[in-house]
Amino acid sequence: MRPTRNENPKSEHKNKVKHLKKKHSISVAITGAGGSGAVTTGLMLLDAMSRAGFYGYMSRSAGPQIRGGESAVMMRFASQPVFNTDDRFDVLLAMDWHKVERFADEIPLDSQSLIVCDENAGEIPAPLLQNGAVCRALPLSKTAKSIEGGRANMLGLGVLAILLGLTEQAMQQAVRATLGKKGDKVVADAIAGIERGMQFVVAGTQDLRLQPKSTAQKRWNISGNEACGLGALRGGVRFVAAYPITPASDILEWMAPNLEKLGGSLLQAEDELASINMIIGGSFGGVPSMTATSGPGLSLMVEGLGLAVTSETPVVVMNVMRGGPSTGIPTKSEQSDLNLALYGLHGDAPHLVLAPLNILDCVFTSEWSVSLSEQLQAVAIVLSDQSLGQSRLVTDPPDYAGFNTRRVVADASTQHYQRYQLTENAVSAMAIPGTPGTTYTADGLEHDERGTPSSMAADHQQQMAKRSRKLAAFDYGQHWAHVDGQGGIALITWGSSSAVCQEVAERLRDSGMQTRVVALRLLMPLNVQALQGLIKDCTSIVVVEQNMSGQLFHYLHAEQAIPARAVSYARPGPLPLRPGDIVEFIIAGVQADE
Amino acid sequence: MNEMIKPKDYKTDIKPIWCPGCGDFATLSALTKTLAFMQLKKEQVSIISGIGCSSRLPAYIDSYGFHGVHGRALALASGLKAARPTQTVIAVGGDGDGFSIGGNHFMHACRRNMDITYIVMDNHVYGMTKGQPSPTTEPDWVSKLTPHGSGIRPFQPLAIALSSGAGFVARGFAGDPSGLAKLIFEGLRHQGFSFIQVLSPCPTFRPEQKLWKQQVQPWPFDTTDDPVLAASRIHADEGLTTGLIYQRELPVWQPGAEASDTLENIEQGFLV
Ligand SMILES: Cc1ncc(C[n+]2csc(CCOP(=O)(O)OP(=O)(O)O)c2C)c(N)n1
Ligand code: SF4
Chain A
1 MRPTRNENPK
11 SEHKNKVKHL
21 KKKHSISVAI
31 TGAGGSGAVT
41 TGLMLLDAMS
51 RAGFYGYMSR
61 SAGPQIRGGE
71 SAVMMRFASQ
81 PVFNTDDRFD
91 VLLAMDWHKV
101 ERFADEIPLD
111 SQSLIVCDEN
121 AGEIPAPLLQ
131 NGAVCRALPL
141 SKTAKSIEGG
151 RANMLGLGVL
161 AILLGLTEQA
171 MQQAVRATLG
181 KKGDKVVADA
191 IAGIERGMQF
201 VVAGTQDLRL
211 QPKSTAQKRW
221 NISGNEACGL
231 GALRGGVRFV
241 AAYPITPASD
251 ILEWMAPNLE
261 KLGGSLLQAE
271 DELASINMII
281 GGSFGGVPSM
291 TATSGPGLSL
301 MVEGLGLAVT
311 SETPVVVMNV
321 MRGGPSTGIP
331 TKSEQSDLNL
341 ALYGLHGDAP
351 HLVLAPLNIL
361 DCVFTSEWSV
371 SLSEQLQAVA
381 IVLSDQSLGQ
391 SRLVTDPPDY
401 AGFNTRRVVA
411 DASTQHYQRY
421 QLTENAVSAM
431 AIPGTPGTTY
441 TADGLEHDER
451 GTPSSMAADH
461 QQQMAKRSRK
471 LAAFDYGQHW
481 AHVDGQGGIA
491 LITWGSSSAV
501 CQEVAERLRD
511 SGMQTRVVAL
521 RLLMPLNVQA
531 LQGLIKDCTS
541 IVVVEQNMSG
551 QLFHYLHAEQ
561 AIPARAVSYA
571 RPGPLPLRPG
581 DIVEFIIAGV
591 QADE
Chain B
595 MNEMIKPKDY
605 KTDIKPIWCP
615 GCGDFATLSA
625 LTKTLAFMQL
635 KKEQVSIISG
645 IGCSSRLPAY
655 IDSYGFHGVH
665 GRALALASGL
675 KAARPTQTVI
685 AVGGDGDGFS
695 IGGNHFMHAC
705 RRNMDITYIV
715 MDNHVYGMTK
725 GQPSPTTEPD
735 WVSKLTPHGS
745 GIRPFQPLAI
755 ALSSGAGFVA
765 RGFAGDPSGL
775 AKLIFEGLRH
785 QGFSFIQVLS
795 PCPTFRPEQK
805 LWKQQVQPWP
815 FDTTDDPVLA
825 ASRIHADEGL
835 TTGLIYQREL
845 PVWQPGAEAS
855 DTLENIEQGF
865 LV
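Protein chains in written order, with the numbering used here: chain A, 1 to 594; chain B, 595 to 866.
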């Protein structure tokens, strides 16, 4: 059994938690039925806030309808970079009450929260008011009708603009950037609606205005899926084969036109069995290749991944995780494919498993994965998830990592070319079809150094050792983890939970509890020694992840990377991990130890 | 000037695992003959296969090759052709590999119509796993796994290829190696996906296929480009006539354009 702690700490803990200072940020949610424009409104607000000099994070949630169902956007703004959702929301702009209860869990409100809604929308559903949120009903739709081309969501956006202290100028720019393609009339109508909305007086509310850091800086507005695609292109990927699946398809949709511009190509496969084998073919042909998928697709690819391992064909698989198992929850996030990525392959099949730590880091981790895969002629599985992939970030532009991505390629007419030659670093030169004098047949059968199929024990042992050693002996440098802070408390985490843990650590430090965060970017091979060194003096070690069974926790134990006193904080999706809950959990543990 | 390439130049020193009398030897030699006839350089050719006795073929030809997993030869070949269009890509395998576990890829490769030649050595049996029925096996053929026969009618690969959109549909016979070489030559010359079903006896598990020598007949018609006519002829046939049944020029799918932009420019799109 996995050691866990009391999940409902006593009220004394709660009191202490309340006093912890929080990062100064504002959280805004917008909900509405299909056609109400909730998502467009959110995108415009994100754009306007970034023009006003703020950083932002926007995740989204939708009902099961394919098109036109109810949807919600959840945003957080701050003067410094933000990468995750907060514990609660300051403002909810509800365009209507259509199935809004569906989102109540995702949009926690409290007595400090403000609900802005349309006065004609009817009675507010009770779950939204149960924690004492204040509601201001405004004549949004009625006023919209009175102005030409007026839409209630634009008036609502105007109200948010006033509350957040946005200027008319920022709003106009945001409208042009978001709706410009739809023509001047649409833009003018939207601006008129917003400016009318900005005239509403919302009485008796808190000051929600943030201090902008600087408006001069160039900011990017990017989703995690786009960032994964971009990192792959930076890494040199020029061939993609994939089968559509939520929430990974946007990677493909972003890459398709851009690959073409760079002289590469994307092939829509008939299924994932095809897509993995297609990229093995593309990579065998000398072109860095990848696919993107989610759990059900990764499951189908597993046999192909083994082929890439044995034939030493570099491929990258971006797996954007969603709630599982089976079809699970296609539109919502969970970090529950770690076991599959680590252990899914049959035989002893050394490969790389990586995870981006936040949306911005998707660029870096994706590029690094391609680079490692190419250099080591290895399979790299990258574990992103829906909360990264389908959320947007306003951020400083990512740095250039500038990795050396080239694979070792055999020169024409190499004497006595041996594809699987045993070498010093266990990486052997790959001959690219078209090169004279180095013909060979790649094989998923065990083989000797030449590539000739062999069932001899000596060949199997040598080649297995080669495939294992090339990954184990490689110097991955500092990138294997993002390490931050020091002290008696250690949070070990991975992937999208990393941003939440950073915030947890900041809150703990603010209250005098020194905390170290170790966010693992390279999960396999695991840097056991370095990890052990980083946590050896910590009295409280918590492994944080978003799945039910504590997949990372068990893996770290199996690798003997963590001591018996480490505890697991594992919660399944689809609700995001809340920093406040983790702070409570840790304080409860620390006090129990005292 | 370079010397002429001879068929034996394509032979590797790896000894085939095949049983004596296996039909797959004929496809191997028909292939090396054709490659030599076309004077294709070793490095220009990639031979891709799945798993099965027949799928062992790439190791026996000195060109680039990939012996992949069961059923996925066409997927791997398609990825290779998309990424490296200058290669002559030939996929090979058995009837189990191509029509059972790989059936979906077969249909979609026909439909996609990339410039790939696909040769299926069809022995109406799973040879490698020691004698089970395949999608082309007769329903009353008894095996350990199917003591009363499979009871399932065989499917017609030529009809499937045709209806899936292939533009080159042919059947050859291992007992007629020069006829087979000709078909492979036509297939390699054809622009787009070319499908060649080779009747390739398995003397070990289907000894009765020795009779094919007497039963196989040349196709009594000229090649047509009319899919309706081709379909009716295929359906009227018993499955043992050989020749190029249908050929039609269809749009070939091949991605890949010249680069028209830089990544730095593309990244500008993220600027607020
Ligand atoms: C995924 C998977 N399932 C099953 C097998 C076992 N297997 C190997 S070859 C084969 C059938 C081969 O039959 P066919 O393709 O007709 O080729 P032949 O041996 O007759 O040339 C099977 C079922 C396998 N290798 N992989
Ligand atoms: S079992 Fe049949 S198909 Fe396989 S090698 Fe022997 S004769 Fe050929």
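C-beta: ideal position from N, C-alpha, C; glycine also.
Quick check on DSSP: helix, strand or coil for residue i?
i, result
"A/Gly32", "strand"
"B/Ile599", "coil"
"A/Lys570", "The amino acid at residue 570 of chain A is misidentified as Lys; the sequence shows Ala. If DSSP states are grouped into helix, strand and coil, A/Ala570 belongs with the strands."
"A/Lys21", "With a pLDDT of only 48 at A/Lys21, under the threshold of 50, the placement of this residue in the model should not be trusted, and no figure is reported."
"A/Ser371", "helix"
"A/Lys466", "helix"
"A/Ser294", "coil"
"B/Cys616", "coil"
"A/Tyr55", "strand"
"A/Ala472", "helix"
"A/Ser311", "helix"
"A/Thr435", "coil"
"A/Glu106", "coil"
"A/Gly282", "helix"
"A/Val427", "coil"
Quick check: what's the CA-CA separation for residue i versus residue j?
i, j, result
"A/Thr405", "A/Ala232", "11 Å"
"B/Ala853", "B/Pro733", "54 Å"
"A/Gln206", "A/Ala62", "29 Å"
"B/Ser758", "A/Ala401", "46 Å"
"A/Glu123", "A/Thr31", "15 Å"
"A/Leu262", "A/Met278", "20 Å"
"B/Ser623", "B/Leu844", "30 Å"
"A/Ile147", "A/Arg136", "22 Å"
"A/Trp254", "A/Arg392", "14 Å"
"A/Gly193", "A/Leu210", "24 Å"
"A/Tyr57", "A/Glu594", "37 Å"
"A/Thr493", "A/Ala499", "9 Å"
"A/Gly132", "A/Gly328", "34 Å"
"A/Pro9", "A/Arg578", "Unreliable placement is indicated for A/Pro9, whose pLDDT of 40 sits below 50; the coordinate value is still reported in the next sentence. A/Pro9 and A/Arg578: Cα-Cα distance of roughly 15 Å."
"B/Lys609", "B/Thr621", "15 Å"
"A/Ala341", "A/Ile381", "7 Å"
"A/Gln65", "A/Asp184", "31 Å"
"A/Ser11", "A/Ile587", "Any reading at A/Ser11 must be qualified, since the residue scores a pLDDT of 42, below 50, and its modelled position is unreliable; no value is offered."
Which one of the options has the shortest CA to CA distance from residue i?
i, options, result
"B/Gly688", "B/Ser794, B/Gln862 and B/Thr856", "B/Ser794"
"A/Ser468", "A/His351, A/Ile194 and A/Leu556", "A/His351"
"A/Val370", "A/Cys228, A/Gln551 and A/Leu340", "A/Cys228"
"B/Leu782", "B/Lys605, B/Cys613 and B/Ser640", "B/Ser640"
"B/Arg800", "B/Tyr712, B/Gly725, B/Trp813 and B/Gln750", "B/Gly725"
"A/His98", "A/Met171, A/Tyr243 and A/Ala72", "A/Ala72"
"B/Phe619", "B/Asp770, B/Arg827 and B/Leu857", "B/Asp770"
"A/Tyr343", "A/Gly573, A/Ala558 and A/Asp448", "A/Ala558"
"A/Leu129", "A/Leu114, A/Gly533, A/Lys142 and A/Asn225", "A/Leu114"
"A/Leu208", "A/Ile251, A/Ile26 and A/Gln418", "A/Ile26"
"B/Leu739", "B/Pro727, B/Phe749, B/Gln750 and B/Ile746", "B/Pro727"
"A/Asp250", "A/Ser384, A/Ala177 and A/Ala161", "A/Ser384"
"A/Leu120", "A/Ala104, A/Leu109 and A/Lys145", "At residue 120 of chain A the sequence reads Asn, which differs from the Leu that was named. Looking at the Cα atoms, A/Lys145 is the closest of the given residues."
"A/Glu168", "A/Gly180, A/Arg76, A/Ala188 and A/Glu195", "A/Glu195"
"B/His718", "B/Thr628, B/Val866 and B/Thr798", "B/Thr798"
"A/Gly444", "A/Asp396, A/Val353 and A/Leu305", "A/Leu305"
"A/Val320", "A/Leu534, A/Gly224 and A/Gly281", "A/Gly224"
Taking only heavy atoms of ligand 4 into account, decide whether any of them is closer than 7 Å to the Cβ of residue i.
i, result
"A/Gly444", "Ligand 4 is not among the ligands present in this structure, which contains only ligand 1 and ligand 2."
List the whole-angstrom C-beta distance separating residue i from residue j, where the pair is believed to meet the contact cut-off of C-beta under 8 Å.
i, j, result
"A/Thr293", "A/Glu272", "6 Å"
"A/Ala570", "A/Asn547", "6 Å"
Which residues of chain E have a Cβ atom closer than 8 Å to the Cβ of residue i, listed in chain order?
i, result
"B/Gln681", "Among the protein chains of the structure shown, namely A and B, there is no chain E."
**Request:** Using the beta-carbon of each residue, find all residues closer than 5 Å to any heavy atom of ligand 2 and list them in chain order.
**Result:** B/Trp612, B/Cys613, B/Cys616, B/Cys647, B/Gly721, B/Cys796 and B/Thr798
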